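Step one of this worksheet: look at the structure below.
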Amino acid sequence: MPVASGRQVDQFPSNLSCWCTKPQAVFIVGQPCVHAGLDFDQGWARGGREALLARVLIVDDDEISRQIYAHVLSDEGYEVEEAEHGGKAIAKLELRHFDLALIDLLMPVREGIETIIEARRRWPAMRIIAMSGGARRLSPGGVLDMALGLGAEDALVKPVSRELLTASVERLLGAVSRA
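So the mapping is simple: our numbering equals the position in the sequence shown, first residue as 1, plus 77.
Structure (structure tokens):
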């Protein structure tokens with residue numbers, strides 16, 4: 078009988094007997110890959126990215142944007158949580174480890190630049206991607222360049238395509254998600 082942790086049982090391939098999620102890893106127990114018709118070197122699902130999950134925090138005041146980014150990154154095998162502003166992001170960071178934060182820069186309550194400064198100071202190993210839809214309307218250099226200077230490792234102009242988002246996350250988390 079399948080045992081699920083955080084996933085729907087009907088999403089399991091029929092050859093799996095259980096799926097156990099640990100803070101940074103997913104262990105898959107089932108019949109050998111040969112019996113499942115998989116090449117062992119291919120890995121299980123999405124090129125083996127399921128072997129270790131990286132945890133990503135999406136910080137954006139726009140609910141639709143958060144949901145889209147969460148859906149894209151979840152589909153890629155990342156464990157995703159959301160926060161609607163920097164204050165909630167810092168609260169989540171105090172409770173759990175995150176490998177990467179995707180932070181919108183222009184938000185109410187606590188904006189992204191302030192959040193990046195505090196996150197970089199308190200969690201220096203966490204990777205940070207800054208993003209902004211308002212960056213085109215701002216002065217040359219703008220907030221995205223400021224975010225890069227304050228510790229963000231990449232900067233994306235919204236709206237962000239699926240390809241650009243996943244490429245940026247994979248570039249920064251390649252060692253974490255595939256280690």
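In this text, a Cβ means the ideal position worked out from N, Cα and C, and glycines have one as well.
A quick note: this is a predicted structure, and the numbers were derived from the prediction, not measured.
Task: M223, DSSP secondary structure in three states - done: What you label residue 223 is simply residue 146 of the sequence shown in a count that begins at 1. Three-state DSSP puts M223 in a helix.
Open item on the list: Quick check on S238: does DSSP put it in helix, strand or coil?
Closed with: Taking the first residue of the sequence shown as 1, we reach residue 238 at position 161. In the structure shown, S238 sits in coil (DSSP, three-state: anything other than H, G, I, E or B).
Open item on the list: Using the three-state DSSP reduction, which class does E156 fall into: helix, strand or coil?
Closed with: Taking the first residue of the sequence shown as position 1, residue 156 is located at position 79. Reduced to three states, the DSSP call for E156 is strand.
Task: Limits of the unbroken alpha helix (DSSP H) element including A196 - done: In the sequence shown, the residue the question calls residue 196 occupies position 119. Here the alpha helix (DSSP H) through A196 covers 189 to 199.
Open item on the list: In this structure, how does DSSP classify A168 when only helix, strand and coil are distinguished?
Closed with: Residue mapping note: residue 168 aligns to position 91 of the sequence shown, counting from 1. Three-state result, A168: helix.
Task: Assigned exposure category for A229 - 16 Cβ within 10 Å defines buried - done: Numbered from 1 along the sequence shown, position 152 holds the residue referred to as residue 229. Under this definition A229 is a buried residue.
Task: Touching by the beta-carbon criterion (3+ pairs, under 8 Å), the region 136 to 152 and the region 182 to 198 - done: yes
Task: Own chain residues within Cβ distance below 7 Å of V237, not counting five before or after - done: Taking the sequence shown and counting its residues from 1, the one referred to as residue 237 is at position 160. M208.
Task: Cβ contact (3+ pairs, closer than 8 Å) linking the region 231 to 246 and the region 156 to 172 - done: no
TODO: Measure the alpha-carbon distance for A147 versus L225 and round it to whole angstroms.
DONE: Within the sequence shown, the letter at position 70 stands for residue 147. Within the sequence shown, the letter at position 148 stands for residue 225. Answer to the nearest angstrom: the Cα atoms are 23 Å apart.
Task: Nearest residue (CA-CA) to V220, options R239, L242, M184 - done: In the sequence shown, the residue the question calls residue 220 occupies position 143. Closest option to V220, Cα to Cα, is M184.
Open item on the list: For G163 and Y155, what's the separation of their Cα atoms in angstroms?
Closed with: If you number the sequence shown from 1, residue 163 lands on position 86. If you number the sequence shown from 1, residue 155 lands on position 78. Computed Cα separation, rounded: 21 Å.
Open item on the list: Using only the alpha-carbon positions, how far apart do M223 and E158 sit?
Closed with: What you label residue 223 is simply residue 146 of the sequence shown in a count that begins at 1. What you label residue 158 is simply residue 81 of the sequence shown in a count that begins at 1. Taking the straight line joining both Cα atoms gives about 25 Å.
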